[in-house]
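Contents: one structure, followed by commentary.
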Amino acid sequence: MKNINENSNGSEEFIRKERSLKQITSYSTGYGIDKFASMAFTANLIFFYEVELGFSVWFYALAFIIFTIWNMFNDPFMGFLTDRNLRMTRKLGRHFPWIVFGLILYLIFSILLYMPPNASEWIIFLWLVVFLCITDTLFSLYDVNYSGLAPTMFRTETERRKHGAISTVLGTVGLLMGTILPPILLIQGNINSYLIMAIIIAVISFCFIIFMIPGVHENKEIINLYFQVKAVEEQTKKEGFFKTMKIAIKQKNFVVYFLVYFLFQIAAILLLQSLRYFAVFVMGSADYQVFLGLALFGGVFLGIPLWAKLAKKLGFRKVFIVGSIAMGCLMIPMLFVTELIAVIITMIGLGIGISAFWVMLTPIFCDTMDEVALNTGQRKEGVYFGIRTFFARLVYIVATITFAVVHTLTAFNTAPYSAQAILGIRIHTAFIGMIAVFIAALLLWKFYDLTPEKMLAIKAKLEEREL
Numbered sequence: 007m008k009n010i011n012e013n014s015n016g017s018e019e020f021i022r023k024e025r026s027l028k029q030i031t032s033y034s035t036g037y038g039i040d041k042f043a044s045m046a047f048t049a050n051l052i053f054f055y056e057v058e059l060g061f062s063v064w065f066y067a068l069a070f071i072i073f074t075i076w077n078m079f080n081d082p083f084m085g086f087l088t089d090r091n092l093r094m095t096r097k098l099g100r101h102f103p104w105i106v107f108g109l110i111l112y113l114i115f116s117i118l119l120y121m122p123p124n125a126s127e128w129i130i131f132l133w134l135v136v137f138l139c140i141t142d143t144l145f146s147l148y149d150v151n152y153s154g155l156a157p158t159m160f161r162t163e164t165e166r167r168k169h170g171a172i173s174t175v176l177g178t179v180g181l182l183m184g185t186i187l188p189p190i191l192l193i194q195g196n197i198n199s200y201l202i203m204a205i206i207i208a209v210i211s212f213c214f215i216i217f218m219i220p221g222v223h224e225n226k227e228i229i230n231l232y233f234q235v236k237a238v239e240e241q242t243k244k245e246g247f248f249k250t251m252k253i254a255i256k257q258k259n260f261v262v263y264f265l266v267y268f269l270f271q272i273a274a275i276l277l278l279q280s281l282r283y284f285a286v287f288v289m290g291s292a293d294y295q296v297f298l299g300l301a302l303f304g305g306v307f308l309g310i311p312l313w314a315k316l317a318k319k320l321g322f323r324k325v326f327i328v329g330s331i332a333m334g335c336l337m338i339p340m341l342f343v344t345e346l347i348a349v350i351i352t353m354i355g356l357g358i359g360i361s362a363f364w365v366m367l368t369p370i371f372c373d374t375m376d377e378v379a380l381n382t383g384q385r386k387e388g389v390y391f392g393i394r395t396f397f398a399r400l401v402y403i404v405a406t407i408t409f410a411v412v413h414t415l416t417a418f419n420t421a422p423y424s425a426q427a428i429l430g431i432r433i434h435t436a437f438i439g440m441i442a443v444f445i446a447a448l449l450l451w452k453f454y455d456l457t458p459e460k461m462l463a464i465k466a467k468l469e470e471r472e473l
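So the sequence shown is numbered by the working numbering: it starts at 7 and just counts up by one.
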């Protein structure tokens, strides 16, 4: 008991000591690697299989449906299986080994997606399905542990605000580089250039892992905290995965958070996937896609310091609401603008709105996890992150169905330049997303009640209960 108390005191001192800017930046590097690698590996995958290999688009669609179903169930179970103390936890930490091991193997196996055998379509189909599922499992191993570590690593509002801002900057840089670099490396008609691109992306990501390691490393004080919390948890009944999931949906603020995340992802993914359609069929040239992307990410960079500063004054909840309303309002012009300058201005505004979501995503998640820990007496961030991801994967199905339904109703395949087809493109570019973010703002305003004052009380009680 004496040792536990000694560890407890050390853990409390660790909790109160704020992370330095260098440590927060190192940790946030993982978010940049994530966005860079995932964008670079996946953005050109369908073009590689359908156009370069001549692979049936329906086989590709079926492979992605199977992958999405696997993905929905994989993340929650991965969080459940790794969110516990093991023999290696005392020496290496609970999350650190999984973060490094998962990310390195994810990068290696992603290269194999661009190395399909020269065989029949069924063999290529099986290759694609197997390696999509393997890479997803490895990415989940990294992602649920990386995100699950944040609430323990960053305990104060200041740390979480800094992490949200820095990770948004690095994540945006990663997305931008993951969008720009592959086209520079790829040669249409040269299949080997895709493999070279994948290897280069992996090597660059490996280099940045070195900068991430110090930030995600769990020292002895935080490891002691895991065992201290475990001692408290062992006094309560251990819950199975589905029991934990049942508990999760009873946590009001967690449910609101995941619904808002779901709605915001629908808006963002529909917008990003619609950019080429908008450039080609609404504006008349594929060349405009570059300008649209640069304007959008330029707006994100402009919005990061704005929302970070406002969060300090208004709190995470109010900034999330204001950002959602701003994004919804700025989607309205996309329903009628056509000229390049007007579209660029609108995209910059949309980028500013989107950045509010990206800046607040981690701080809001951390606050929500603090409340869940207080209510349940357990720290299971990995499980809850996995549950969020379980439902978030439905976004990809919703986006795919949206495109199919809108294009069918507007006869896009037969007359893509017709007035009704262009209206359909504007609908999936902005109108559906606008409705989604307005609903998100309403949910936050009406049901999410984790104000700065309430969080101070929650943090005080967590310290009392040594959680």
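Note that beta-carbon positions come from the ideal geometry of N, C-alpha and C, so glycine has one too. None of these values were measured; they are calculated from a predicted model.
The Cβ-Cβ distance between L138 and F65 does not fall below 9 Å.
Between L400 and V262, the C-beta gap is not smaller than 9 Å, which leaves the two residues out of contact.
In this structure, the straight-line span from the alpha carbon of I370 to that of G383 is close to 19 Å.
Boundaries of the alpha helix (DSSP H) around M218: I197 to V222.
The shortest C-alpha to C-alpha distance from L27 to any of F54, E127 and R166 is the one to R166. For the pair I428 and F287, the CB atoms are nearer than the 9 Å cut-off.
In terms of CA proximity to M461, E163 leads the group E163, L276, L312 and T74. Restricting attention to I72, E24, V404 and K256, the CA atom closest to the CA of I275 is found in V404. Taking M203 as the centre and dropping the five residues before and after it, the same chain places the C-beta of P188, L191 and L192 closer than 7 Å to its C-beta, in chain order. If the five residues before and after I464 are omitted, its C-beta is found closer than 6 Å to the C-beta atoms of D376, E377 and L380, all from its own chain and listed in chain order. Remark: C-beta atoms of T435 and F270 do not approach each other more closely than 9 Å. Counting along the chain, S361 sits inside the alpha helix (DSSP H) bounded by residues L346 to T382. Residue range Y294 to L320 is occupied by the alpha helix (DSSP H) that includes G305. In its chain, beyond the 5 residues on either side, G184, L187, P188 and I207 have a beta carbon closer than 7 Å to the beta carbon of A46. Per DSSP, S424 lies in no alpha helix (DSSP H) segment and is marked neither H nor E. Taking the Cα positions, A314 is about 17 Å away from G355. Between the beta-carbon of T141 and that of F260 there is about 28 Å, and that puts the pair past the 8 Å contact cut.
Sixteen is the threshold: when 16 or more other Cβ atoms of the shown chains lie within 10 Å of the Cβ of N151, as they do, the residue is buried. Taking the C-beta atoms as reference points, I117 is found no nearer than 9 Å to I210.
Contact check for G195 against E58 passes: the beta carbons are separated by less than 9 Å.
Cβ contact annotation for I327 (same chain, cutoff 8 Å, sequence separation greater than five): A447, L450 and W451, in chain order.
For M45, the secondary structure class from DSSP, reduced to helix, strand or coil, is helix. Shown here, Y120 sits in coil according to DSSP, grouped into three states, outside any helix or strand. Three or more beta-carbon pairs drawn from the region 319-326 and the region 358-372 are found closer than 8 Å, and the two stretches are therefore classed as touching.
Close CB contacts of S330 within its chain, under the 6 Å cut and outside five residues either way in sequence, are with V443, A446 and A447 (chain order).
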